[in-house]
Amino acid sequence: MTPLFALLFESLDERLRLRKPGRKVLNKVFPDNWSFLLGEVALFSFVLLVLTGVLLTMFYRPSTDPVTYQGAMSLYEGRELPAAFESIVRMSYDVPGGLFFRRVHRGASHLFIATTVLHMLRVLLTGAFRRPREVNYHVGIVLLMLTFAAGFTGYSLPYDALAGTGIRIAYSSLLSLPYVGEQVAYWIFGGDFPTGNMIPRFFVFHVLMIPALLVGLITVHLMIMVRQRHTQFPRPGIDGHRFVLGKPMWPSQFALSTTLILWIAGLLSAAAVLIPWSDVLLIGPYVPGEVGNNAQPDWFLFWLEGALRVFPPLEFRMLGMTVSGAFVAGVVLPGAIFAVLVAYPFVERRFYQLEGDWHVLQNPLEIPLRAAVSVGTFSFVLLLSAAATNDILSRMTGIPIEAITWFFRLTCAFVPPALAAGFWVYSTRRLARKNMTVPRNEAEASNTYAAKAREA
Amino acid sequence: MSRARLLPVAAWAAVAVAAALAWLAAGGPGPAGAVQQAPAEETPRGDRLYTTHCARCHGADGRGATDPHNRAPTLVGMEAARVDLVLRTGRMPPADPDGSGRGRSWSDRDREALVAHMTALFNLEGPLLGPEPGDPAVGREVFATHCAACHGYTGDGGVAGGGAIVPRVVGLDPAVIAQAARVGPFQMPRFAEGQISDEELGDVVAYLDEVAVEQATPLGLGELNPVFLSAFAALLTLAMILSCLFLAGRVTMFPDPEPPPDVDGET
Amino acid sequence: MTEKRPQQRDEGKGSRRDTERGAPDRGPGDGAHGRQAPDHGAHEGLYVVGQHIPPPSEVNDTIVMGAAIVAGLSAVVFAVGLLAGAGTGVYGSALAVGLLAMAIAVRRYFAAAYPDIEGLEPRELPDADPDDDEPVTEVPPVARRSLLQRMLVGAATLLGLGLAAPVASLGPSPGDALRRTHWTSGRRLVTTDGRPLRPDDVATGGISTVWPEDAIEVENSAVILVRLSQSPPQPPTNLDWVVDDSLVAYSKVCTHAGCPVGLFRERDDALFCPCHQSTFDAARGAVPTFGPTARALPQLPMGVDDDGFLVALGDFAEQVGPAFG
Amino acid sequence: MTPLFRFLFDALDARLRLRKPGRAVVNKVFPKHWSFLLGEVAMFSFAILVATGLFLTMFYRPSAEPLLYTGAAQLYEGRTLPAAYASIVELSHDVRGGLLFRRMHRGAAYLFMFATVAHLLRILLTGAFRRPREVNTHIGTMMLILVIALAYTGQNLVYDLLAGSSLRIAYATLASVPLIGDWLVVWVFGGEFPSEVVSRFFVLHILILPGLLTGLLVLHLALVARQRHTQFPRAGVDGQRYVVGEPLWPSQFAASTTLVLAVGGLVAAFSVLVPWSDVDLHGPLRLGQASNAGHAEWWLFWLQGAITIFPAFEWEVLGMTISHMLAFNVVLPGALFGLLFAYPFLERRLAGYDPDLDNHVCSRPLDVPVRAAIVLGVTAFVGMLTLAMTNDIVARGLRVSVESVMWFFRIAVLAVPAVVAWAAYARSRSVLRRRRAPGAAAGSGGDAPGGAAPANPKVSA
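Structure below.
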């Protein structure tokens, strides 16, 4: 510690008495398992998103008013473009490093969303959501939704033709809400699509509201985590119910995390060099009434897009409201999936009459319901996502798109239930084979674990 | 541990490979060539080529046939552009007897001779188009208005349903692009002078050339369709997970239980 | 490396590092214990010096209720006034009154329902305070306490709802804007760059995107003009709206999710939406033949005016674009 | 507590063990004195600013591109305006509730500014900045700077004629910095005036500055909680070791809830009565247009006053240009804020405190002669500059020439503070002398150390 730093620290400590709380923080223990790093990766990519994002806001112009582009990009030189798209072109061609930071930003967003999803999967499968952690699990789900919202609004801001099409589809999904659809769509878009308020509002959503919520909820997420301590995987000879075992924040975990964030930043920069994330210049600005072939959203919305593509034609009126395929596939279905996620902890607890607090993680195959539900749900989402690529598949395989769509219609309907049932049966048999039962409380769990240990 | 050390390296190798694949999937660079207007003149060369390759189905008089196993259309009065296009794209003579598939690719010399011969013989109509590249900026707008709906904003192609595949049009011979727009081969709609003027066709050609040379990254990747991008997002995530495996001390999640040590850890 | 020193999960007491190192488990309370606070009767970490128990007072309760009612009512006035487009003065003052009244209500309620405590807090909080949750002290219940509480909650709710009213300002009310387009009788069909079209401008098997001459690039009015090449149009196509037996115009806004239907398969006269692959038969009134949509593309009533230009004969008969309502 | 609420609370408590930390929070003691509420007023007006601001962002268009306005405002119907100004007109005339929320935003901003400054003065005059609280004083000073920056960017987003003038002044101020001035201009404005400034200021105003302010606010409060409040001396209480006051629950909670509602109500009431921020008649910013009597906002009077009354000059020094703008719009405010940052240490040095002694008891403004002299003197100086900006109005009112008014201020701005400082110093000396007189210890709750007198014998001796 350099003398200057020492002096500063001493004088601060005299005034704030930092040592004691400081020691608590530095002694916080982090279980060391690779899967516990997924959350950290998400957090760090969010940090990078904020840093790059703040830079980008300096050049982005949230407006669709036509402006004349003058700059190095010959395709658009001297032509009228929507201000938003014009600023993207300028950012990419005339601002030093602009294109790079746009790519880092987009790459980080992919990483952010992907690792958030994986983190959530880890929590779901290993049972880290069980009492007392339901609260934090729900906070996490809200965070997941927010990441999707942030991703979508960000994808829309360049106002290229793909973005415009995406906004158009979102607008249609809003319209499809029964009774209130039109008014809600008008409230959010400030009028009939496309309005001049649309892009400015998406900008505010993307740079102000969603990030603010994200920051707030991430703070809550971490505070609850600190208060409740980490869960951890079973370790022979450790009573995980009463002790957390792992690396103290200082120095081990600190070192690890520092490495991690540097590594992520490096990886993203490399990816930004190699992969044209978010290059939309040839796609051109959005012009109402035009759409290009193979228009897809970003991957994390494939499941919604896929649902829209494969859902059978449907439109009828009932109780004075219009129920359309777009409504069921674009609103009801995702709602249902998130409802399952939210409700699951309580369902499981009720189903197996679980008791008490749980701090030790659990192999999903040792609790059939969880295995079945999670596999069923996520295979469904994955199949829907695959369905969103039906045009690409058709083009690569030469199979007519109608056939492929029908294939996905059938698989989406029948494969997930089949998989769920399969996993149910398998894990039940597995339990029987190991003559184990689903433990009611943590003591029981550790007993069975000790029993297995004695057998071994 | 040494295996774990290799993992990130492997991941990057995978990135490179996938990038190359994506590039190929996106079609890679295409040929470019020049065209001249073909005069109408009967030549022995053209005559020989016609009798060897075309007459069997279309008949020596070029009136085609209508019996079930040979539905060759009449060539008399057909647009020269269409004939030229069909030959340029190698669709005639067909590889398969049912008229589908791509046959031989003609040398410019043969093709010109044949078209000239047929023009003289069956008085094919209309000019052959060979637009000079114009203003790519205008071309982009024309392309977005008339072509992007099927061929995609970057001319990448796609599907049109009913088993129809929309071809990638980047890096094609200007003549092919221009004549296709005019005659609307196969499933493609026709575009008259009133919709796309000749010089606008030139602009479109220029835009597509621009797209062909655009290489946004050292991997030679141009702008990618979100589906291909998603593949890279997956690779990025994978690389990240491998990094986590590499960084974390403990990789196994549910270790096989071993007899507990003497310290007792029961609740 | 781990020795088992019992550790309460729920109290951040002690330092785990010390535990693992086997050092004596010093609670963070150290240093704090030396000081003794003047004995005013220690109570759960708060040294109560003195407190004044409010006497029950009917007057006070009436004030609370009155204020709460005023607050609630003015919240309603604010919301209604805003929505009904009343003058700024009206709902503005309503908001002001509401907030001020609420302030009074809260103030008076606390004055009546809780003791007025004065306490001493040591600068070093003793960390080991008893884990009980008795109230600070017993207060004689205010008359009609629950009623007061309900009224406060009610007023607060109304205020909350009232403050949600500005949501209505975010956009105009749609009315039938989504059910109408800019097509009216005699409107010419023009291309995106504003050229009016003659029938022969569209080649056989050709298509063109057209707009009402005064509403170019107004999303909902987009129309795709198709020159059928395979088969002549037949019902349910409205044949009166077909020009020289092959030129037909449909709304370009997909009836599924609103993408522009820009893709025409000339061989089977099919219109195809590249977003979700809805397919329409252009020769048969654009009825859907495949994909996720259930409704046909509305056909534009079309004819030719005296100068030989294509014109609309009126607005679409059916609703344009995706489903809503 | 309704059953539902109780159920939720118990469920949470069972999982998070909220009771104990909760009790620590609800038992936090707040000294009971009106001046301790100034900070809360500032905080609550910030809350109002955020709430109304979010509403406004839904309609504001951060762009200067010409836009055809079609709406209810007769004045601009069918005219082409800069998009930003057009959206302001739209907010005021076509958006239900728009004008009210714009006015509330402006009113709350004024309240925020006022309360922050008042809070700062309280801290300075009562010595709440002394060890161990120098850190928090510095954080507070940074927050004041952020508040000024927020107010400035916000006022210019309107993009009316006045914004034009103030933007030009900012442009000139930045440019006046030697050597790097032109770079600063480009970095902030993104090019020639006005170019990118609207979108830049928008991002600053809604994202960056509020973000920083929120962060510092959290830190500020965390430090208050950690170091406990200061308090005024009280008989029979060892203020060095105990805080006397009302616990957060219920007393202080009631007080604060009342306060936030009152602040909201007052801001709303004033917004009905006072046409804050009605700019319809100003018209949009047009290059090459400026208006007479284009005064800055009141909280900038002192700066405008400085550049108004002081004689202009421009020297070439070592190839740099030292200009009037530089001296009075860059150096002067820089010096004042520098003094503010340095003051805690300055006073410690001047009054000769024991550097290792903590002070938790506020002293009365006149308890320390040095402080009285410096703080009141500087305040008077800024106040005189503020008055000086109104010289044209004074001249009109008194029917005298602007020049004479200006000359009056040129002298007064220097003389008045000197007099004030001297008076304050003398008065506080006499106060101390009287207090040292026997039998005067009563009001000072003097079971020392640190009863009433600054925690140091040397000063009172």
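Protein chains in written order, with the working numbering: chain A, 29 to 484; chain B, 5 to 271; chain C, 9 to 333; chain D, 84 to 544.
Quick reminder that beta carbons are idealized off the backbone N, C-alpha and C, glycines included.
Below 8 Å, too few C-beta pairs join the segment 329-341 of chain A and the segment 245-257 of chain B to call them touching: fewer than three. Comparing alpha carbon positions, the residue from A/Pro222, A/Pro341, A/Leu290 and A/Thr259 closest to alanine 354 of chain A is A/Pro341. For the segment 155-170 of chain B, the set of positions with a beta-carbon nearer than 9 Å to some beta-carbon of chain C reads Gly156, Gly162, Val163, Ala164, Gly165, Gly166, Ala168 and Val170 in chain order. Taking 8 Å as the threshold, the shortest C-beta distance from tryptophan 386 of chain A to chain B does not fall below it.
Of all alpha-carbon atoms in D/Glu279, D/Leu95 and D/Arg482, the one lying nearest the alpha-carbon of arginine 89 of chain A is that of D/Glu279. With the criterion set as a beta carbon lying under 7 Å from some beta carbon of chain A, the members of the segment 250-269 of chain C are Lys260, His264, Ala265, Gly266, Cys267 and Pro268, in sequence order. Its chain contains Phe221 as the residues whose beta carbon lies nearer than 7 Å to that of arginine 196 of chain A, once the 5 sequence neighbours on both sides are disregarded; these appear in chain order. Setting aside the 5 residues that flank it on each side, arginine 257 of chain A is surrounded in the same chain by Val272, each with a C-beta closer than 6 Å to its C-beta; the list follows chain order.
Between proline 135 of chain B and alanine 182 of chain B, the gap from beta carbon to beta carbon is short of 8 Å. Taking a beta-carbon distance threshold of 8 Å, alanine 354 of chain A counts as an interface residue toward chain C. Counting only residues of its own chain and dropping the five nearest sequence neighbours on each side, leucine 83 of chain A has a CB closer than 7 Å to the CB of Phe129.
Judged by DSSP secondary structure, phenylalanine 288 of chain C falls within the beta strand (DSSP E) whose first and last residues are 287-289.
When C-alpha distances from arginine 398 of chain A are compared across A/Ala431, A/Thr154 and A/Leu288, the shortest belongs to A/Thr154. Relative to the Cα of threonine 200 of chain C, the nearest Cα in the group B/Gly224, B/Phe147 and B/Ala237 belongs to B/Phe147. The beta carbon of phenylalanine 113 of chain D lies closer than 6 Å to those of Gly328, Glu329 and Gln335 in the same chain, with the five residues before and after it left out. Under the rule that a run must span 4 or more residues, the alpha helix (DSSP H) segments found entirely inside the segment 156-216 of chain A read 162-184 and 189-203. One Cα belongs to glycine 183 of chain C, the other to glycine 270 of chain C, and the distance between them is close to 29 Å.
Spatial neighbours of arginine 67 of chain B in its own chain (CB-CB distance under 7 Å, excluding positions within 5 residues in sequence) are listed in chain order as Thr78 and Val80.
With fewer than 16 other Cβ atoms from the protein chains shown falling within 10 Å of its own Cβ, proline 445 of chain A counts as exposed. The beta-bridge partner set that DSSP reports for leucine 194 of chain D is empty. Around the beta carbon of glycine 298 of chain D, fewer than 16 other beta carbons sit within 10 angstroms, so the residue counts as exposed. Against isoleucine 215 of chain C, the close residues of chain B are Pro193, in the order they occur along the chain (beta-carbon pairs closer than 7 Å).
Residues of chain B whose Cβ lies closer than 9 Å to the Cβ of leucine 91 of chain C do not exist; the shortest such Cβ separation is about 42 Å.
Using a CB distance cut-off of 8 Å, phenylalanine 129 of chain D does not count as an interface residue toward chain C. Using a Cβ-Cβ distance cut-off of 8 Å, the segment 290-298 of chain A and the segment 106-123 of chain A are not in contact, since fewer than three pairs of beta carbons, one from each stretch, lie closer than that value.
About 46 Å separates the CB atoms of proline 394 of chain D and glutamine 310 of chain D; that is not less than 8 Å, and the two are not in contact. By the neighbour-count criterion, in which 16 or more other beta carbons inside 10 Å mark a residue as buried, histidine 269 of chain A falls on the buried side.
Within chain B, no residue has its CB atom less than 9 Å from the CB of tyrosine 454 of chain A, the nearest being about 16 Å off. Under the 8 Å criterion on CB atoms, alanine 425 of chain D is classed as non-interfacial with respect to chain A. Among the residues facing chain A, glutamine 285 of chain C is included, as its CB has a counterpart in that chain under 8 Å away. For the set A/Ala100, A/Ile141 and A/Phe233, the Cα lying nearest the Cα of leucine 71 of chain A is the one of A/Ile141. In chain order, Ile432 place their CB closer than 7 Å to the CB of leucine 421 of chain A, counting only its own chain and leaving out the 5 sequence neighbours on each side. With a cut-off of 8 Å on Cβ pairs, the segment 224-235 of chain C is in contact with the segment 254-262 of chain C, counting three or more such pairs. Considering only B/Pro171, B/Leu132, B/Val163 and B/Ala59, the residue with the shortest C-alpha distance to asparagine 418 of chain A is B/Val163.
For alanine 299 of chain A, the chain B residues whose Cβ falls inside 7 Å of its Cβ are Leu240, in order along the chain. Put simply, of C/Ala211, C/Asn246, C/Phe272 and C/Ala304 the residue whose alpha carbon is nearest the alpha carbon of glutamine 191 of chain B is C/Phe272.
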